[in-house]
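Student: The numbering of the sequence shown is my numbering, which starts it at 123 and goes up by one.
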Amino acid sequence: LLKNLKDEVVKFLSHVQIQRQDEAEQIERQRREAAEREKLAFQHAQASAMAASDGDGQQSPEQDTAAAPQTFTRDQPKVGRNEPCPCGSGKKYKQCHGKL
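#1: Using the C-alpha atoms, what's the distance from A146 back to L222?
#2: What whole-angstrom Cβ distance do V201 and P191 have, given they're in contact under 8 Å?
#3: Pull the bridge partners of P206 from the DSSP assignment, please.
#4: Rounded to whole angstroms, what's the CA-CA distance from L124 to Y215? Just pull it up for me.
#5: Thinking R203 and G220 are a contact (beta carbons under 8 Å), I'd like their distance in whole angstroms, please.
#6: For the alpha helix (DSSP H) that F134 lies in, which residues bound it at each end?
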């Protein structure tokens, strides 16, 4: 069993693919071009909004309110670390679901 495992590991680690220099350079060039295209494709939300505006660089008031983040509100109060766990186990929250 161990011999088979060792044979498989050696076979996997010793697998070699021989590439010509020009093939390796072409693959590397394609990777670099793909990375550059990915960088260029990134668009910032604020820049997109500016491009969509009328071109003077100023946002209209309705765009400012739409971009404002909403405040998170909880349905139930936050459970303290020393309070009983809401799952009903009887343990403290920090020893049950609040464990770090």
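Yeah, the Cβ is synthetic: ideal placement off N, Cα and C, and Gly gets one too.
Tutor: Reading it off the structure:
#1: Going by the C-alpha atoms only, they are around 47 Å apart.
#2: So it is not a contact: roughly 25 Å between Cβ atoms.
#3: K214
#4: 46 Å
#5: 6 Å
#6: Bounds of the alpha helix (DSSP H) holding F134 are L124 to L135.
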